[in-house]
Amino acid sequence: MVYLNEVCVLDFNTGDKRQLWSTLRSVQRFLKAQGYKRGSRKGSSTYHLSKANAEARNAYVRRMNAIIDTTDRPHVVYTDESYIHHHYKSHHQSLYDPNDTQSTATKEKHKGRRYCFVAAMLDSPTMDSKIMALDIFTGGKSKAKEPKDYHGMFDTDYYVAWFKRLLDEMEASEIANAWIVLDNAKYHKSLPKSTPTSGRRKSVLVDACKAFDIKTTGNEYKSELWGLLSTYIKANIKPMIVDMAERRGHSVVFTPPHHSDLQPIETVWAIVKGEVGRQYDDMTKFPEVKVRLEAAFANLKPDSIKGCVRSVQEKLKLLHEHLAQVDALESE
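The sequence shown maps to residues 2 to 333 in this note's numbering.
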């Protein structure tokens, strides 16, 4: 729509929100009347959950659903990381003509540099919802030096330092006994640096077994020693951020794999990035993206954040009911 305004197909004041939304509704009605649809074409692939992932999903749904309607529910702090690239725009993202079978949409190949950001989102029974510990940064000095996957922009040292900042903010806000919800990114589950790994020398593994009081005969192969150690580590050594949270009186809850729709902060990301994307034009410079991103976070209202949480809670309720029905059918 911004592009149509630039080429004088539409005429409205981009700084006037009333005009902007009025024009947007008019354009949406026109496109609907012309037969356009929003979304992706049929034919996308699906996946089947593994047994381990299904069990993780069930445990998460059971735990989170139990506190939805309780009066004494804990504070819940959702955390996540994301990014936005220089040329991100929310217009023309998923519009297609259903009668056009000849052409296929192509992805942009030159998206420019990107800003990565990490933040937490508070959902509380006694406090207003808000964004906490927001950090925005660039990845490399140039596009060529940035990793393809934005998760590569984060590492254990960075995340542990950021997590400490989050815990400090929570303490300053008098947020106690909270549940901190996050996904299964590798750096979320990093163990202390002193923890032995399978790549260490056999003598190091032998010493580790002695330190952990793991009984050995002295005749084990290295693979057998690692089997004993890995079992002990899994049962007794916690990820660094889990230990940090528990020392402050909080609990860490990991979301199940492949269920980002159960993370309300993902919807907040969409709102923020959409606000930035609607302001994009061909003259947008990279530093302006950060200014707009910061403004978009500042513009978030407690009710908007709460609405994102409620939407996910409704999904949790439906999923809980579905799983209960499946259990009932299987028990008959």
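C-beta: ideal position from N, C-alpha, C; glycine also.
If you reduce the DSSP assignment to three classes, tell me which class residue i lands in.
i    : result
F273 : The amino acid at residue 273 is misidentified as Phe; the sequence shows Val. In this structure, V273 counts as helix in the three-state DSSP scheme.
I137 : strand
R115 : strand
H87  : coil
K190 : coil
K291 : helix
K337 : Residue coverage of the chain in this structure runs from 2 to 333, which leaves residue 337 outside it and unanswerable.
R311 : helix
I68  : coil
G200 : coil
M245 : helix
D214 : coil
S261 : helix
Q326 : helix
On the DSSP bridge assignment, give the partners of residue i in chain order.
i    : result
L183 : F255
L123 : V78, K131
F13  : For F13, which the question treats as bridged, DSSP gives no partner whatsoever.
Count the other C-beta atoms from every protein chain shown that fall within 10 angstroms of the C-beta of residue i, then say buried if there are 16 or more, exposed otherwise.
i    : result
F31  : exposed
E172 : exposed
S130 : buried
A299 : exposed
E82  : buried
W22  : exposed
H323 : exposed
T256 : buried
A325 : exposed
T24  : buried
Leaving out five residues before and five after residue i in sequence, what residues of the same chain have Cβ atoms less than 6 Å from its Cβ?
i   : result
T80 : A121, L183
K33 : none
N66 : L317, H321
Identify, in the order they occur along the chain, each residue of the same chain with its Cβ nearer than 7 Å to the Cβ of residue i, setting aside the five sequence neighbours on each side.
i    : result
Q314 : I69
For residue i, I'd like the list of residues in its chain whose CB is within less than 8 Å of its CB, leaving aside the five on either flank, ordered along the chain.
i    : result
A1   : Past the boundaries of the shown model lies residue 1; the chain is included only from 2 to 333, so the question cannot be answered.
D124 : H76, V77, V78, Y79, S130, P265, I306, K307, V310
F118 : E82, S83, Y84, I85, L135, D136, I137, F138, L294
S261 : D184, E267
Exercise. Can we say the region 271-283 touches the region 79-93, given the rule of at least three CB pairs closer than 8 Å?
Worked result: By the Cβ criterion, the region 271-283 is in contact with the region 79-93, since at least three pairs of Cβ atoms, one from each stretch, lie closer than 8 Å.
For this session: Specify whether the region 157-165 and the region 225-234 touch according to this definition: at least 3 beta carbon pairs, one from each stretch, less than 8 Å apart.
Result: Output reads no: the region 225-234 does not touch the region 157-165.
For this session: Determine, using beta-carbon pairs with one atom in the region 281-301 and one in the region 192-209, whether at least three such pairs fall under 8 Å.
Result: The region 281-301, when compared against the region 192-209, does not touch it at the 8 Å Cβ threshold.
Exercise. Is the region 112-119 close to the region 62-79, with three or more CB pairs under 8 Å?
Worked result: These segments do not touch.
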